[in-house]
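J.: Just passing along the structure, written as structure tokens.
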Amino acid sequence: MTAETPAAATNIRMKVWRGDDTGGAFVEFAVPSDPGMVVLDVVHRIQATQAPDLAVRWNCKAGKCGSCSAEINGHPKLMCMTRMNEFAPGEVIAVSPVKTFPVIKDLVTDVSFNYEKAKTVPAFKPKPKEADGTRRMYQEDVDRVQEFHKCIECFLCQDVCHVIRDHEENKPSFSGPRFFVRLAGLEMHPLDTNDRLELIRAKHGLGFCNITKCCTEVCPEDIHITDNAIIPLKERVVTRNYDPIAWALRRMRGKKDEFAPPEPEPPSA
Amino acid sequence: MNDIERHEYDVVVVGAGGAGLRAAIEAHARGARTAVVCKSLLGKAHTVMAEGGIAAALANVWKEDNWKVHFRDTMRGGKLLNNWRMAQLHAQEAPDRVLELEEWGALFDRTKDGLILQRDFGGHRYARLAHVGDRTGLEMIRTLQDHVVAQGIDVFMECTVRHLLKDGDRVSGAIGYWRQTGKLVAFAAKAVVLATGGVGKAWKITSNSWEYTGDGIAMALEAGADLIDMEMTQFHPTGMVWPPSVRGLLVTEGVRGDGGTLKNKSGERFMFKYIPDFFRADTADTEREADAWYEDKRNNRRTPDLLPRDEVARAINSEVKAGRGTEHGGVFLDIASRRPADYIRRRLPSMYHQFKELADVDITKEAMEIGPTLHYIMGGIRVDPDTEATTLPGLYAAGEVAAGMHGANRLGGNSLSDLLVFGRRAGLAAADLAKRTPAVRVDDAQIGAYADRLAEPFQRSGNENPYQVQADLQETMHDLVGIIRTKSELEEALVRLERLRARAARVRVSGTRRYNPGWHLALDLDNLIGVSEAVARSALLREESRGGHTREDYPKPDPEWGKRNVVVRQRDGRLELATEPIPSVPDELRGLIGEDKPTGQVATGAPAAVGGTS
Numbered sequence: 001m002t003a004e005t006p007a008a009a010t011n012i013r014m015k016v017w018r019g020d021d022t023g024g025a026f027v028e029f030a031v032p033s034d035p036g037m038v039v040l041d042v043v044h045r046i047q048a049t050q051a052p053d054l055a056v057r058w059n060c061k062a063g064k065c066g067s068c069s070a071e072i073n074g075h076p077k078l079m080c081m082t083r084m085n086e087f088a089p090g091e092v093i094a095v096s097p098v099k100t101f102p103v104i105k106d107l108v109t110d111v112s113f114n115y116e117k118a119k120t121v122p123a124f125k126p127k128p129k130e131a132d133g134t135r136r137m138y139q140e141d142v143d144r145v146q147e148f149h150k151c152i153e154c155f156l157c158q159d160v161c162h163v164i165r166d167h168e169e170n171k172p173s174f175s176g177p178r179f180f181v182r183l184a185g186l187e188m189h190p191l192d193t194n195d196r197l198e199l200i201r202a203k204h205g206l207g208f209c210n211i212t213k214c215c216t217e218v219c220p221e222d223i224h225i226t227d228n229a230i231i232p233l234k235e236r237v238v239t240r241n242y243d244p245i246a247w248a249l250r251r252m253r254g255k256k257d258e259f260a261p262p263e264p265e266p267p268s269a
Numbered sequence: 001m002n003d004i005e006r007h008e009y010d011v012v013v014v015g016a017g018g019a020g021l022r023a024a025i026e027a028h029a030r031g032a033r034t035a036v037v038c039k040s041l042l043g044k045a046h047t048v049m050a051e052g053g054i055a056a057a058l059a060n061v062w063k064e065d066n067w068k069v070h071f072r073d074t075m076r077g078g079k080l081l082n083n084w085r086m087a088q089l090h091a092q093e094a095p096d097r098v099l100e101l102e103e104w105g106a107l108f109d110r111t112k113d114g115l116i117l118q119r120d121f122g123g124h125r126y127a128r129l130a131h132v133g134d135r136t137g138l139e140m141i142r143t144l145q146d147h148v149v150a151q152g153i154d155v156f157m158e159c160t161v162r163h164l165l166k167d168g169d170r171v172s173g174a175i176g177y178w179r180q181t182g183k184l185v186a187f188a189a190k191a192v193v194l195a196t197g198g199v200g201k202a203w204k205i206t207s208n209s210w211e212y213t214g215d216g217i218a219m220a221l222e223a224g225a226d227l228i229d230m231e232m233t234q235f236h237p238t239g240m241v242w243p244p245s246v247r248g249l250l251v252t253e254g255v256r257g258d259g260g261t262l263k264n265k266s267g268e269r270f271m272f273k274y275i276p277d278f279f280r281a282d283t284a285d286t287e288r289e290a291d292a293w294y295e296d297k298r299n300n301r302r303t304p305d306l307l308p309r310d311e312v313a314r315a316i317n318s319e320v321k322a323g324r325g326t327e328h329g330g331v332f333l334d335i336a337s338r339r340p341a342d343y344i345r346r347r348l349p350s351m352y353h354q355f356k357e358l359a360d361v362d363i364t365k366e367a368m369e370i371g372p373t374l375h376y377i378m379g380g381i382r383v384d385p386d387t388e389a390t391t392l393p394g395l396y397a398a399g400e401v402a403a404g405m406h407g408a409n410r411l412g413g414n415s416l417s418d419l420l421v422f423g424r425r426a427g428l429a430a431a432d433l434a435k436r437t438p439a440v441r442v443d444d445a446q447i448g449a450y451a452d453r454l455a456e457p458f459q460r461s462g463n464e465n466p467y468q469v470q471a472d473l474q475e476t477m478h479d480l481v482g483i484i485r486t487k488s489e490l491e492e493a494l495v496r497l498e499r500l501r502a503r504a505a506r507v508r509v510s511g512t513r514r515y516n517p518g519w520h521l522a523l524d525l526d527n528l529i530g531v532s533e534a535v536a537r538s539a540l541l542r543e544e545s546r547g548g549h550t551r552e553d554y555p556k557p558d559p560e561w562g563k564r565n566v567v568v569r570q571r572d573g574r575l576e577l578a579t580e581p582i583p584s585v586p587d588e589l590r591g592l593i594g595e596d597k598p599t600g601q602v603a604t605g606a607p608a609a610v611g612g613t614s
């Protein structure tokens with residue numbers, strides 16, 4: 001923290017991408033700085049003093065709601081949690097909308113992809129209550145699912161995922177890391193009884209992921225998306241589909257044969 | 001007008017926080033064709049920021065707890081101005097509403113026996129708040145959001161509802177605009193449920209997000225519904241004070257619930273000086289007893305650090321005014337010296353992260369600097385306690401936008417439970433009304449008139465900047481209708497609000513209708529200023545100090561005022577104020593609350609009050 005007083009404030013220079021679905025360009029602004037400013041403060045100051053129609057999504061300004069995702073110098077980040085003192089004094093910072101989703105205007109993108117995918121997730125379906133009418137779960141059993149519930153739906157993991165970032169054509173058959181976190185949270189929920197494994201493989205496109213961990217690196221909640229959600233899901237899918245012992249056991253128990261064709265090849269990313 | 005997008009539903013719920021989503025779930029479950037309309041993306045409403053927990057007498061941690069104790073705590077915390085029936089329903093139904101979230105997939109922190117763990121909070125006699133670390137609101141909103149999506153309920157996201165439509169005396173729908181395109185959209189509905197939250201963005205230092213512009217309160221007022229208790233605003237005692245960019249950001253009461261304590265710049269635990277008589281019997285008067293209470297509630301009384309929020313906020317204000325505050329005008333909140341670092345990181349992960357990232361403070365090693373921040377409004381739309389029906393047929397209200405439940409001061413944790421209990425009841429009653437109602441009519445002339453008003457900011461000749469008008473409004477409310485009020489300042493506030501209203505009418509918006517925040521704010525200003533006037537007028541009328549309303553010129557509670565609500569309604573474009581008796585508590589419940597009443601001078605920070613307060 002620099003102990004600057006407003007009187008000693010220096011100017012901040014920031015390039016903000018302005019435009020809409022027909023195109024746009026960076027526009028450079030200069031505003032006075034205050035101690036402790038984050039990128040979103042600068043964008044707000046630009047909006048209040050120079051560009052009143054500058055479009056930006058935000059809500060909590062505390063890293064809790066996941067609304068203000070953008071690319072700052074090309075890195076997917078929350079604007080409200082990116083301090084200006086992370087950058088060299090005098091550096092011109094560039095702020096642009098997330099790349100994976102279509103631009104609506106300026107820093108606001110159309111993230112409806114995610115809300116449509118959410119509709120395809122089969123709901124939580126709890127097992128019956130205990131005999132005494134309670135639901136007993138132990139902290140050590142809920143810990144790993146609570147990690148997934150930390151997700152604030154900022155969609156930065158979706159933005160950085162190369163399966164959809166550079167391949168629009170994959171979007172219909174791939175739900176992205178956010179939904180693998182969601183699905184892992186349901187699959188590992190101590191009370192849930194729904195079986196989503198075949199759906200995860202066939203509809204949500206888990207096989208497209210080749211575990212490059214880009215999603216984990218950008219998660220502002222530090223969820224270990226790849227290690228704790230995606231890889232365990234992949235293991236479950238593999239066990240279900242390719243483990244001959246599990247397959248034989250299912251046959252012996254008279255369960256439906258879910259042996260299915262191999263997973264799709266990962267795209268050339 | 002034929003080009004305006006139109007929809008028809010049985011029930012339209014405005015707002016997608018906890019109350020709105022719970023109302024929609026209930027209305028849908030009762031067979032009503034239901035839509036949720038919200039200003040932000042789904043899952044981003046203010047509920048997501050709730051930290052500490054949901055108050056419900058589950059009795060998982062203390063077997064002595066039950067709805068009667070919760071009722072008592074709520075009524076006393078509200079300085080007895082609460083609608084007793086709402087407080088009763090809330091205390092009785094909150095446990096079921098919490099357990100229901102578990103049925104929908106929520107995962108609360110657990111006790112050693114595998115049940116829902118509960119934590120201590122201000123004004124609650126027992127550890128009562130179901131929680132998930134310090135991100136309970138996120139768990140709640142995501143659970144409700146996923147349930148809404150799974151039920152296939154229609155959601156209109158980034159769609160701002162701006163006016164109610166009426167068919168004669170009854171509400172028959174609403175009109176608003178899509179934020180993305182600026183195009184208008186009109187809803188016909190047999191019942192409208194307002195769940196739009198509060199009006200914190202009228203103040204400079206607030207924990208509230210941009211959405212909190214008093215929309216529901218203003219729409220209800222415009223349509224002719226009654227408001228009550230608008231002078232009752234809650235300043236949360238612990239908001240961040242440094243650096244300036246995060247000033248006002250909430251620091252959960254859970255810090256104190258988990259052992260943190262307030263200290264002035266000399267290291268004195270000053271809350272012991274500010275114990276009012278009304279809470280003396282429940283409150284520890286030595287540090288030893290206060291510290292022992294966390295582990296043994298049977299033999300010790302509660303720490304004064306966990307007095308209700310109004311008491312703590314006033315105490316902090318007084319310490320700072322007396323020159324005992326920190327460098328940046330707050331006081332210290334210290335958990336670092338009182339609990340192990342790993343405990344703090346596990347119980348308060350968001351607070352740890354927030355201070356580390358935004359203030360370069362490690363809360364496991366240093367004290368936090370905190371001060372009061374406008375957090376909540378207890379006042380709002382007057383509702384029937386059982387059905388959440390407003391005084392207008394066809395209109396319901398639940399959550400922060402409604403009034404009565406919390407009286408003069410809300411206890412921490414009682415908000416999330418309020419959303420669930422009364423959200424459900426509002427959805428239920430709205431669906432029932434829809435079932436009994438044949439088709440409603442929306443009036444094209446009304447739609448046309450509102451469409452013109454929505455377009456007006458583009459056509460004006462003035463040159464006011466909406467952001468500057470809002471900033472000046474925030475200064476006015478902070479300086480003149482803040483934590484401590486007085487007649488001359490409130491009168492000055494009303495003069496300034498008139499000027500701000502005139503300036504707002506000269507705001508000219510540039511750019512197009514496509515996702516234009518300047519235009520959105522220009523429209524929000526009317527709501528912000530209108531609701532601010534209702535707050536200032538009510539505050540001027542109530543000549544006493546009670547709960548969230550503190551008058552330097554009337555520093556004591558007045559038993560006569562304790563029996564009355566201030567009612568605000570709009571007639572012919574002007575606000576009318578009246579006082580009406582609060583419903584009296586039935587004998588069988590009065591025994592639970594106790595016979596004593598709040599008395600004694602409150603801490604206003606004025607020289608006479610410093611050091612001796614009760």
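These protein sequence lines map, in sequence, to chains A and B. Numbering-wise (this note's numbering), the first sequence opens with residue 1 and increments by one. Numbering-wise (this note's numbering), the second sequence opens with residue 1 and increments by one. The beta-carbon is built from N, C-alpha and C at its ideal position, and this holds for glycine as well.
(1) Give the residues from the stretch 99 to 129 of chain B that approach chain A closer than 9 Å (Cβ to any Cβ), ordered along the chain.
(2) Would you mind telling me which residues of chain B sit closer than 7 Å to A:E153, beta carbon to beta carbon, in chain order?
(3) For B:L227 versus B:R546, is the C-beta distance shorter than 8 Å?
(4) List, from N- to C-terminal side, the beta strand (DSSP E) runs of 3 residues or more that fit wholly inside the stretch 199 to 247 of chain A.
(5) Looking at chain B, which residues of the stretch 53 to 67 of chain A have a Cβ within less than 9 Å of any of its Cβ atoms?
(6) Would DSSP call B:G214 helix, strand or coil?
(7) What's the call for B:T286, buried or exposed, on a 16-neighbour Cβ count within 10 Å?
(8) With which residues is B:G371 paired in a DSSP beta bridge?
(9) Pull up the distance between the alpha-carbon of A:D41 and that of A:A62, whole angstroms please.
(10) Could you give the distance in angstroms between the alpha-carbon of B:S532 and the alpha-carbon of B:V481?
(11) Please determine, among B:V161, B:E64, B:A603, the residue with the shortest C-alpha to C-alpha distance to B:Y450.
(12) Between the Cα of B:M49 and those of A:A48, A:C60, A:A30, spot the shortest distance and give me the residue it belongs to.
(13) Do you know whose CA, among B:M230, B:L348, B:N516, lies nearest B:N565's CA?
(14) Go ahead and label A:Q50 buried or exposed: buried means 16 or more other beta carbons lie within 10 angstroms of its beta carbon, across all protein chains shown.
(15) Locate the beta strand (DSSP E) running through B:R382, then write down its first and last residues.
(16) For A:T22, which option in A:F87, A:V103, A:E147, A:R45 has the closest C-alpha, if you only look at C-alpha atoms?
(17) Taking 6 Å as the limit between beta carbons, can you name the residues of its chain near B:G427, skipping five residues before and five after?
(18) Given 8 Å as the limit, is there contact between the stretch 222 to 229 of chain A and the stretch 180 to 193 of chain A, that is, 3 or more CB pairs closer than that?
(19) In chain A, which residues lie with their C-beta within 8 Å of the C-beta of B:P517?
(20) Grouping DSSP H, G and I as helix and E and B as strand, with all else coil, what is B:D154?
(21) Report the rounded CA-to-CA distance for B:E400 versus B:L577, giving the unit in angstroms.
(22) Who are the Cβ neighbours of A:T120 in its own chain at under 7 Å, not counting the five residues just before and after it?
(23) Could you check the C-alpha separation between B:T261 and B:E64 for me, to the nearest Å?
(24) Are the CB atoms of B:M378 and B:M232 within a distance shorter than 8 Å?
(25) Give a yes or no on whether 8 Å exceeds the smallest Cβ distance from B:E533 to chain A.
(26) Contact criterion: CB-CB distance below 8 Å. Does B:R441 meet it with respect to chain A?
(27) In this structure, does DSSP put A:C154 in helix, strand or coil?
(28) Taking the C-alpha atoms as reference points, what is the distance between B:Q601 and A:R13?
(29) With respect to the beta strand (DSSP E) encompassing B:T615, which residues constitute its N-terminal and C-terminal limits?
(30) Tell me, please, whether the CB atom of A:T10 is closer than 8 Å to any CB atom in chain B?
(31) For the stretch 74 to 95 of chain A, enumerate the residues whose C-beta is nearer than 7 Å to any C-beta of chain B, in chain order.
(32) Can you tell me whether B:G17 is helix, strand or coil according to DSSP?
(33) With 16 other CB atoms within 10 Å as the buried threshold, where does B:A19 fall?
(34) Taking Cβ positions, are B:I344 and B:F355 nearer each other than 8 Å?
(35) Taking the beta carbon of A:E153 as the centre, do at least 16 other beta carbons fall within 10 Å, making it buried, or is it exposed?
(36) Please confirm if A:D227 has its CB atom under 8 Å from at least one CB of chain B.
T.: Reading it off the structure:
(1) L99, E102, E103, W104, G105, A106, L107, F108, D109, R110, T111, K112, D113, G114, L115, I116, L117
(2) G43
(3) no
(4) none
(5) D53, L54, A55, V56, R57, W58, N59, C60, K61, A62, G63, K64, C65, G66, S67
(6) coil
(7) exposed
(8) B:G239
(9) 12 Å
(10) 9 Å
(11) B:V161
(12) A:C60
(13) B:M230
(14) exposed
(15) Looking at the DSSP string, B:R382 is not in any beta strand (DSSP E), and its letter there is neither H nor E.
(16) A:V103
(17) A23, E26, A27
(18) yes
(19) Q47, P52, D53, L54, A55, V56
(20) strand
(21) 21 Å
(22) K203
(23) 26 Å
(24) yes
(25) no
(26) no
(27) coil
(28) 52 Å
(29) Chain B is shown from 1 up to 614; residue 615 of chain B falls before or after that span and cannot be answered.
(30) no
(31) M81
(32) coil
(33) buried
(34) no
(35) buried
(36) no
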